[in-house]
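Engineer: Let me give you the structure first, and then I'll get to my questions.
In the numbering used here, the protein residues as written are 0 to 454.
Next up, the structure:
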């Protein structure tokens with residue numbers, strides 16, 4: 000059926016081009032009326048907003064990509080309709096009133112059923128907009144800020160730390176022969192107390208931010224946080240990491256001024272990449288950043304997790320951790336505990352000065368600055384593109400280079416987040432790249448760029 004429709008589209012396209020031939024000063028289209036060719040949807044972006052229970056679909060036609068819009072003048076978008084055969088949603092076009100004339104333009108697999116009677120298709124200047132509201136019975140309860148945690152059960156298994164390496168060069172940091180294996184793995188308060196609210200009769204997030212300044216590493220144990228793991232220096236491979244006294248700006252993401260003096264950066268000896276930090280007061284306590292390391296589990300024959308050959312390495316436990324997800328967890332932690340949704344991302348050691356920001360005349364299109372304003376728009380959003388096999392959790396944000404802020408009484412407060420310089424620049428580039436996934440007309444809002452941080 001699809002092959003037959005494709006051949007028919009080709010015939011229509013040839014016929015449409017023949018219409019435009021001028022023979023003896025007359026257009027062939029004046030005597031023969033042939034329906035125009037169907038537009039081709041070449042790209043798409045689908046947002047799922049759990050807070051409102053709706054899919055927002057942005058569809059890009061070949062005309063939107065190439066600027067060719069002649070055939071759009073005769074294409075009737077009112078003939079476009081939606082068919083739902085859960086879990087698939089199909090965008091259909093009807094050439095005539097005959098049922099056989101229905102042709103599929105686009106299809107997507109969804110996770111929650113939609114109400115087809117309230118679906119809307121609109122023809123925008125640079126994209127088609129398709130709105131798919133979720134059925135009331137399929138709407139999910141919101142999990143709050145704490146639901147954004149990435150800590151998975153596999154991270155809390157001792158066998159997951161049989162081999163820990165530098166992600167950049169694969170140099171061994173933990174788990175070589177001759178060293179004691181990890182005996183126990185425990186979650187830090189920020190990662191496990193959020194799941195205790197039912198037991199204590201409290202609300203989500205009530206225990207999430209218990210102070211953990213006095214939690215120190217213990218031999219043969221791994222303490223798991225949102226963005227890092229805490230372990231004893233004696234468990235590390237000898238001379239695998241070295242103190243980097245010359246790189247004071249390489250402190251871990253989001254550390255405040257106090258903690259910048261309490262932790263010393265550690266780099267991989269093999270490649271000199273920053274992998275974590277060491278406590279000044281307790282030198283045996285080491286933090287390894289999840290997005291800088293890889294951890295593999297090696298299981299013996301007959302393990303419960305499945306048939307695994309002895310010595311075989313599993314997938315990197317921290318593979319999903321990126322600078323996006325690490326920053327996202329930090330932003331939501333502040334939003335949940337302090338009710339702040341605006342942030343200033345600065346390079347470590349280069350504190351933001353509101354009085355000097357006006358000297359940097361950055362625009363919304365220029366985000367190469369290492370200092371950014373960032374505002375949370377949505378933390379209950381998932382997106383899917385044609386090259387994705389499932390929906391991915393994101394933070395939808397507004398961002399722009401730091402500019403002078405007027406001294407207006409009652410202005411919403413901002414929280415400063417200190418980042419390593421390279422990380423700050425990389426985030427700016429990743430945000431800019433994420434903006435290009437949106438239609439050009441939707442990339443700017445309230446004089447700030449719209450982008451995504453991928454969880």
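Backbone N, C-alpha and C fix where the C-beta goes; we use that ideal spot for every residue, glycine too.
Are the Cβ atoms of residue 159 and residue 150 separated by less than 9 Å?
Structural biologist: Mapped onto the chain shown, residue 159 falls at position 160. Mapped onto the chain shown, residue 150 falls at position 151. Cβ distance not < 9 Å, so residue 159 and residue 150 don't count as in contact.
Engineer: Taking only beta-carbon atoms, is residue 233 less than 9 Å away from chain D?
Structural biologist: The chain inventory of the structure shown lacks chain D, comprising one protein chain alone.
Engineer: Excluding the 5 residues flanking residue 58 on each side, which residues of the same chain have their C-beta closer than 7 Å to its C-beta?
Structural biologist: Taking the first residue of the chain shown as position 1, residue 58 is located at position 59. Cβ neighbours of residue 58 beyond the five flanking positions: 40, 43, 105, 126, 127, 129.
Engineer: DSSP three-state label for residue 294, please.
Structural biologist: Sequence index remark: in the chain shown, residue 294 carries index 295 (1-based). Three-state result, residue 294: strand.
Engineer: Determine the extent of the beta strand (DSSP E) in which residue 333 is found, giving its start and end residues.
Structural biologist: The count along the chain shown starts at 1 and reaches residue 333 at position 334. Element bounds for residue 333: not the beta strand (DSSP E) but the alpha helix (DSSP H), 322-337.
Engineer: Beta carbon of residue 379, beta carbon of residue 50: below 9 Å?
Structural biologist: For the purposes of this step, residue 379 is identified with residue 380 of the chain shown, where counting begins at 1. For the purposes of this step, residue 50 is identified with residue 51 of the chain shown, where counting begins at 1. Yes.
Engineer: Taking 8 Å as the cut-off, is the C-beta of residue 109 nearer than that to any heavy atom in the ligand FMN?
Structural biologist: As presented, the structure is devoid of all ligands, the ligand FMN included, so that no description of it is given.
Engineer: Return the chain-ordered list of same chain residues with a C-beta closer than 7 Å to the C-beta of residue 269, the five sequence neighbours on each side being excluded.
Structural biologist: The sequence position of residue 269 within the chain shown is 270, counting from 1. Here the set comprises 165, 168, 170.
Engineer: When you compare the CB positions of residue 107 and residue 88, do they come within less than 9 Å of one another, or not?
Structural biologist: In the chain shown, counting from the first residue as 1, residue 107 sits at position 108. In the chain shown, counting from the first residue as 1, residue 88 sits at position 89. It is a contact, given that the beta carbons lie within the stated cut-off.
Engineer: Residues in its own chain within less than 8 Å of residue 155 by CB, not counting five upstream and five downstream?
Structural biologist: Here the question's residue 155 lines up with position 156 in the chain shown. Excluding sequence neighbours, residue 155 sits near 184, 185, 186, 223.
Engineer: If you drop the 5 nearest sequence neighbours on each side, which residues of the same chain put their C-beta closer than 6 Å to that of residue 430?
Structural biologist: Taking the chain shown and counting its residues from 1, one reaches residue 430 at position 431. Correct list, in chain order: 398, 450.
Engineer: In the DSSP assignment, find the beta strand (DSSP E) that holds residue 429 and state where it starts and stops.
Structural biologist: Working through the chain shown from its first residue, we reach residue 429 at position 430. No beta strand (DSSP E) contains residue 429, which is instead part of the alpha helix (DSSP H) from 420-434.
Engineer: Whose C-beta lies closer than 8 Å to the C-beta of residue 439 among residues of the same chain, with five residues either side of it excluded?
Structural biologist: Counting from one through the chain shown, the residue named residue 439 turns up at place 440. Result list for residue 439: 125, in chain order.
Engineer: Considering only their Cβ atoms, is the gap separating residue 221 from residue 230 smaller than 9 Å?
Structural biologist: Here residue 230 refers to the residue found at position 231 when the chain shown is read from its first residue. Here residue 221 refers to the residue found at position 222 when the chain shown is read from its first residue. Cβ atoms of residue 230 and residue 221: closer than 9 Å.
Engineer: Using the C-alpha atoms, what's the distance from residue 389 back to residue 216?
Structural biologist: Counting from 1 along the chain shown, the entry for residue 216 is found at position 217. Counting from 1 along the chain shown, the entry for residue 389 is found at position 390. Those two C-alpha atoms are separated by around 37 Å.
Engineer: What does the alpha-carbon distance come out to for the pair residue 225 and residue 317?
Structural biologist: In the chain shown, residue 225 corresponds to position 226, counting from 1. In the chain shown, residue 317 corresponds to position 318, counting from 1. Their backbone Cα atoms lie some 11 Å apart in a straight line.
Engineer: To the nearest angstrom, how far is it from the Cα of residue 207 to the Cα of residue 188?
Structural biologist: Numbered from 1 along the chain shown, position 208 holds the residue referred to as residue 207. Numbered from 1 along the chain shown, position 189 holds the residue referred to as residue 188. Caution applies to residue 207, whose pLDDT of 49 falls short of 50 and renders its modelled position unreliable; the value that the coordinates give is listed next. The straight-line gap from Cα to Cα measures roughly 6 Å.
Engineer: Using C-beta distances below 7 Å, list every residue in its chain close to residue 139, excluding the 5 sequence neighbours before and after it, in chain order.
Structural biologist: For the purposes of this step, residue 139 is identified with residue 140 of the chain shown, where counting begins at 1. Counting only Cβ-Cβ distances below 7 Å, and skipping sequence neighbours, we find 49.
Engineer: When we look at the beta-carbon of residue 116 and count the other beta-carbons within 10 Å, is it buried (16 or more) or exposed?
Structural biologist: Working through the chain shown from its first residue, we reach residue 116 at position 117. When all chains shown are included, residue 116 counts as exposed.
Engineer: Can you grab the Cα-Cα spacing for the pair residue 110 / residue 174, in whole Å?
Structural biologist: Within the chain shown, the letter at position 111 stands for residue 110. Within the chain shown, the letter at position 175 stands for residue 174. Cα to Cα, the separation comes out at about 40 Å.
Engineer: Rounded C-beta distance between residue 453 and residue 271? I'm assuming under 8 Å.
Structural biologist: For the purposes of this step, residue 453 is taken as the residue at position 454 of the chain shown. For the purposes of this step, residue 271 is taken as the residue at position 272 of the chain shown. So it is not a contact: roughly 27 Å between Cβ atoms.
Engineer: What separation, rounded to the nearest whole angstrom, lies between the Cα atoms of residue 396 and residue 103?
Structural biologist: For this step, residue 396 is matched to residue 397 along the chain shown. For this step, residue 103 is matched to residue 104 along the chain shown. Going from the Cα of residue 396 to the Cα of residue 103 covers about 34 Å.
Engineer: Sort 93, 113, 101, 375 by Cα distance to residue 47 and report the nearest one.
Structural biologist: Residue 47 sits at position 48 when you count from the first residue of the chain shown. Checking every option, the nearest Cα to that of residue 47 belongs to 113.
Engineer: Apart from the five residues just before and just after residue 233, which ones in its own chain have a Cβ nearer than 8 Å to its Cβ?
Structural biologist: The sequence position of residue 233 within the chain shown is 234, counting from 1. Same-chain partners within the cutoff: 218, 283.
Engineer: Going straight from the alpha carbon of residue 260 to that of residue 412, what length do you get?
Structural biologist: Taking the chain shown and counting its residues from 1, the one referred to as residue 260 is at position 261. Taking the chain shown and counting its residues from 1, the one referred to as residue 412 is at position 413. In a straight line, the C-alpha of residue 260 is about 25 Å away from that of residue 412.
Engineer: Mapping the DSSP letters down to three states, classify residue 346 as helix, strand or coil.
Structural biologist: As a position in the chain shown, residue 346 is number 347, starting the count at 1. DSSP places residue 346 in strand when its eight states are reduced to three.
Engineer: Rounded to whole angstroms, what is the Cα-Cα separation between residue 394 and residue 94?
Structural biologist: Residue mapping note: residue 394 aligns to position 395 of the chain shown, counting from 1. Residue mapping note: residue 94 aligns to position 95 of the chain shown, counting from 1. Approximately 40 Å between the Cα atoms of the pair.
Engineer: Mind checking residue 301: buried by the 16 CB within 10 Å criterion, or exposed?
Structural biologist: By 1-based counting over the chain shown, the position of residue 301 is 302. Note that residue 301 scores 46 on pLDDT, short of 50, meaning its location in the model is unreliable; the coordinates nonetheless yield the value given after this. Label assigned to residue 301: exposed.
Engineer: Indicate whether residue 180 and residue 172 have their beta-carbon atoms separated by less than 9 Å.
Structural biologist: Taking the chain shown and counting its residues from 1, one reaches residue 180 at position 181. Taking the chain shown and counting its residues from 1, one reaches residue 172 at position 173. No; because the gap between Cβ atoms is not below 9 Å, this pair is not in contact.
Engineer: Identify, in the order they occur along the chain, each residue of the same chain with its Cβ nearer than 8 Å to the Cβ of residue 91, setting aside the five sequence neighbours on each side.
Structural biologist: The residue given as residue 91 occupies position 92 in the chain shown. Once the five neighbours on either side are set aside, the close Cβ partners of residue 91 are 79, 80, 81, 82, 101, 102, 103, 104.
Engineer: Measuring CB to CB, does residue 227 end up less than 9 Å from residue 288?
Structural biologist: To locate residue 227, count along the chain shown from 1; it is residue 228. To locate residue 288, count along the chain shown from 1; it is residue 289. Yes, these two residues count as a Cβ contact at 9 Å.
Engineer: Quickly, what does DSSP pair residue 48 with across the bridge? List them, please.
Structural biologist: The sequence position of residue 48 within the chain shown is 49, counting from 1. Residue 48 is bridged to 53, 380.
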